[in-house]
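What follows is one structure encoded as structure tokens, with my remarks underneath.
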Amino acid sequence: MSLHLSSDSNARVNIHTNELVARTGIVIFLWMIATIAWLLNINNLLEYFVAIFNPCTGDCLNLYQPEKWSELRWIVAAFLGLLSITPIINLQIWVFSKPGLTDSEQRMLRLVLLLAPVLFLIASYVTIAELLPKLYSIGHAVHSDYGFVTKYDAVSLIYFAMTLLWIQTLVVISSAVMVCSGLTGNLDSSNANWWRLRVYGFTSLVSILSHYDRTTNGMIITLATIFVVELISRPWTTKSPKYDVKLRRSFTEEGEIISNLELVCGCVNGPIPQAEQCLTI
751 MSLHLSSDSN ARVNIHTNEL VARTGIVIFL WMIATIAWLL NINNLLEYFV AIFNPCTGDC
811 LNLYQPEKWS ELRWIVAAFL GLLSITPIIN LQIWVFSKPG LTDSEQRMLR LVLLLAPVLF
871 LIASYVTIAE LLPKLYSIGH AVHSDYGFVT KYDAVSLIYF AMTLLWIQTL VVISSAVMVC
931 SGLTGNLDSS NANWWRLRVY GFTSLVSILS HYDRTTNGMI ITLATIFVVE LISRPWTTKS
991 PKYDVKLRRS FTEEGEIISN LELVCGCVNG PIPQAEQCLT I
């Protein structure tokens, strides 16, 4: 039994499924085109980043695994292609999801779709352009102080940067969902575990599958990602709910079961009202 309002669209499940498949197909097709476009110019881009990450002035870079370099070219091109079509992906998500969301959920989704890309671009610039080159230079200085003959693998330099970018992607998306849910009133201590199950479950699945060849690394990265997101969203996961809703069942003198819905508004100051002071429906 379901409640159907006059404003609801009378659409079957297969109609929504067909729409989802169609929109997903459009996104995948555009992703392939964007990936191929980046792949045609990926050599110049990788050369630029290798020059940025190179910690020494001499000839200390080598390519120890040529087959890994070819694989890395495709990975970087696919990642950049995905970033290039992010506005289209967000538009498809918004158009598909909007009819089935409440007003507060629409505000939450709109905030996530606008906030997540901006935060990711800022974090990526700080990490790739500022943080990583300094870390590589510090590591090279330590090696030189010990008197080591330094030789670095170009694949490892780029692969580590890609790993950080992918972790940032998961952290930014998950944090944006949790924070925006809290800001719009959809997340509090009463439903925090349900939000954790959805957000952390998706994050864990994507993270572990991304590191299927390195299970231990995948688990460590997954746990670290969840820990960071939990810290960021802590103010909202521990927030008291605006409404305290309880369903209390009782028997009448005739033996009938009566269900009383007790609703306590969060605007009540002082101690929580007793049962007889609650709004009972």
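Note that my numbering has the sequence shown beginning at 751, numbered continuously upward. Yeah, the Cβ is synthetic: ideal placement off N, Cα and C, and Gly gets one too.
Assigned exposure category for residue i - 16 Cβ within 10 Å defines buried
| i | result |
| --- | --- |
| VAL892 | exposed |
| ASP853 | exposed |
| THR975 | buried |
| GLY808 | exposed |
| PHE870 | buried |
| PRO805 | buried |
| THR987 | buried |
| ILE971 | buried |
| THR966 | exposed |
| THR1002 | exposed |
| TRP945 | buried |
| SER1009 | exposed |
| PRO1000 | The residue asked about is misnamed: residue 1000 is Ser in this sequence, not Pro. Its Cβ having fewer than 16 others within 10 Å, SER1000 is exposed. |
| GLU1026 | With a pLDDT of only 48 at GLU1026, under 50, the local geometry of the prediction cannot be trusted, and no value is derived from it. |
| ALA801 | exposed |
| LEU920 | buried |
| ILE765 | exposed |
| TRP788 | buried |
| SER957 | buried |
Distance CB(residue i)-CB(residue j) smaller than 9 Å
| i | j | result |
| --- | --- | --- |
| PHE803 | TYR886 | yes |
| PHE829 | ILE908 | no |
| LYS989 | ASP938 | yes |
| VAL922 | ALA879 | no |
| GLY831 | THR877 | no |
| THR953 | SER924 | yes |
| VAL777 | ILE839 | yes |
| TYR950 | VAL978 | no |
Proximity to residue i [Cα-Cα], best of the options
| i | options | result |
| --- | --- | --- |
| MET782 | ASN967, VAL763, ILE835 | ILE835 |
| MET912 | GLU1006, ARG823, THR767 | ARG823 |
| ASN794 | ALA942, SER925, ALA827 | ALA827 |
| GLY935 | SER954, LYS992, HIS961 | LYS992 |
| GLU797 | ASN768, LEU861, ALA904, GLN856 | ALA904 |
| THR767 | GLN815, SER820, SER847 | SER847 |
| LEU790 | ASP895, SER820, PRO883 | SER820 |
| VAL899 | ILE792, ARG999, LEU811, PRO985 | LEU811 |
| LEU1032 | LEU833, GLN856, PRO985 | Residue 1032 is absent from the model: the chain starts at 751 and stops at 1031. |
| ARG860 | LEU881, LEU882, PRO837 | PRO837 |
Practice task
Taking only runs that begin and end inside the region 761-793, name each unbroken alpha helix (DSSP H) of 4 or more residues, in chain order.
Solution key: 763-789
Problem - Inter-stretch contact (C-beta, 8 Å, three-pair minimum) for the region 854-866 and the region 925-944 - result: yes
Handout entry: 4 or more residues per run - each alpha helix (DSSP H) lying fully within the region 867-954
Key = 882-895, 904-933
Exercise for the section: Could you tell me whether the region 772-786 touches the region 830-850, where touching means 3 or more Cβ pairs closer than 8 Å? Expected result: Taking a cut-off of 8 Å on C-beta distances, the region 772-786 touches the region 830-850, as three or more cross pairs fall below it.
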